[in-house]
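Read through the structure below, which is laid out as structure tokens, and then see the notes.
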Amino acid sequence: MHFYSPYLPLLPIILTSLISASPTSRHAIRAATRSPTVTSIHNFTLDTWVENLAVRANGQILATLLTTPQVYQVDPNPSSANPATLVHTFPSTTGCLGITELSPDIFYVVTGNFSISAVGSTPGSYSVWELNMAGFAAGGTPIAAAKIADFPQSVFLNGMTALEPVGGNTLLIADSGAGAVWSLNVDTRAVSKIITDPLMAPTSGADPAVGINGVKVRDQTLYFSNTDQQLIGKVALNANGSARGPATIVVGNAPGADDFQLDVLGNLFIAGDNELRFHGTVEGTGGPPDVVTNSSLVAGSTAVEFGRLATDLVSVYVSTNGGQGQYFSREFTNPGEIVRVDVLAAGWPKLR
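Below you can see the structure in the form of structure tokens.
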């Protein structure tokens, strides 16, 4: 867990005010806030599905594409001479999915064969690759990538996260088709299906089968979305990433839930179903997540990440596919893109 200096002195005051308020008053205050400002950072082509994103320590955004096997770096500075730079194109695969940073500027990417038009995954086609971003700059030439492991027994790998908060060597990877979590030790390259749970499973008969999707680890607990079951769940972890017990539901009414992020208070910002939603875990109201924004700019929202610079600490970045339906109709009207949502300025409690 990292706290960034501009808001750290205010943290005790804000935490006290949030926790001491009654659930009713907290909800009323949050419901009265204005809509946040939503700004387009970069548009890709009309038929580009932006699947996931990560933010480098220097503020640059890494975006994975599902419609082509590529990772781009996007500069959030609107006056940048290089708004988007190709980082790498992966061979012998059709697209990229989860991305996460395991150590400073060392990122890992899931690749595999998933056909949007045919609505299906090719089991066993998935791999995890390493990207060393140290020294990579906007406008630079593409870099090499190193394959870490293949997953021949996987069904549909998707979201990915680090088991340890800093300096670890283990990745946890969601298998949306199998309703499971795989572990990967990037040093030994050992692969293991480490968790299965009914709350991670896809819905019977769903096409495509998209169970567990986004994954995040906080305080030795794995949080996960399940798109088919429309929920956010959590499960306590042992030191090796295995489950200490059965998973439980955190949010039971989250239609289209894709990837998500937790703020320092444990609140959830959830992408999916053409919206960015918020679930306040401090409230404990038990209701469905509130809609932060359903602006047309977040049509087909797929992932959400916090900014890491003083200029965007009050914001989240959201990746989109422009609207899932257009990939089936082949009548494209909205581009896949990355947008910025200024959440804290509109009253949504986000600290990082």
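Numbering (mature numbering (1 follows the signal peptide of the UniProt record, and there is no 0)), first residue to last: -21 to -1, 1 to 331. C-beta: ideal position from N, C-alpha, C; glycine also.
Nearest to residue i (by Cα), restricted to the options the options
i	options	result
residue 124	68, 76 and 229	68
residue 111	86, 200, 219 and 105	86
residue 101	173, 170, 159 and 187	187
residue 404	93, 318, 294 and 296	One cannot answer for residue 404 here, as it falls past the ends of the chain, which runs -21 to 331.
residue 201	223, 185 and 180	223
residue 106	152, 259 and 256	152
residue 193	20, 117 and 281	281
residue 230	83, 79, 268 and 219	268
residue 323	291, 90 and 218	291
Assigned exposure category for residue i - 16 Cβ within 10 Å defines buried
i	result
residue 31	buried
residue 312	exposed
residue 132	exposed
residue 242	buried
residue 15	buried
residue 320	buried
residue 121	exposed
residue 316	buried
residue 176	buried
residue 310	exposed
residue 159	buried
residue 225	exposed
residue 27	buried
residue 3	Unreliable placement is indicated for residue 3, whose pLDDT of 31 sits below 50; the coordinate value is still reported in the next sentence. Per the 10 Å Cβ criterion, exposed.
According to DSSP, residues forming a beta bridge with residue i
i	result
residue 107	89 and 128
residue 293	None, per the DSSP bridge assignment.
residue 254	251
residue 197	200
residue 319	18 and 296
residue 227	213
residue 52	41 and 64
N- and C-terminal bounds of the beta strand (DSSP E) containing residue i
i	result
residue 19	17 to 22
residue 161	159 to 164
residue 275	Segment: none, residue 275 is in no beta strand (DSSP E) and carries neither H nor E.
residue 204	200 to 205
residue 47	Here residue 47 belongs to no beta strand (DSSP E), and DSSP marks it neither H nor E.
residue 30	29 to 34
residue 140	136 to 141
residue 333	Residue 333 lies beyond the range of the chain shown here (-21 to 331); nothing can be said about it.
residue 154	149 to 154
Check whether residue i and residue j have beta carbons under 8 Å apart
i	j	result
residue 314	residue 44	no
residue 119	residue 46	no
residue 36	residue 53	no
residue 208	residue 182	yes
residue 137	residue 76	yes
residue 134	residue 157	yes
residue 251	residue 235	yes
residue 163	residue 178	no
residue 260	residue 246	yes
residue 237	residue 204	yes
Run of the alpha helix (DSSP H) containing residue i, from where it starts to where it stops
i	result
residue 69	Run containing residue 69: none; DSSP gives neither H nor E here.
residue 307	305 to 308
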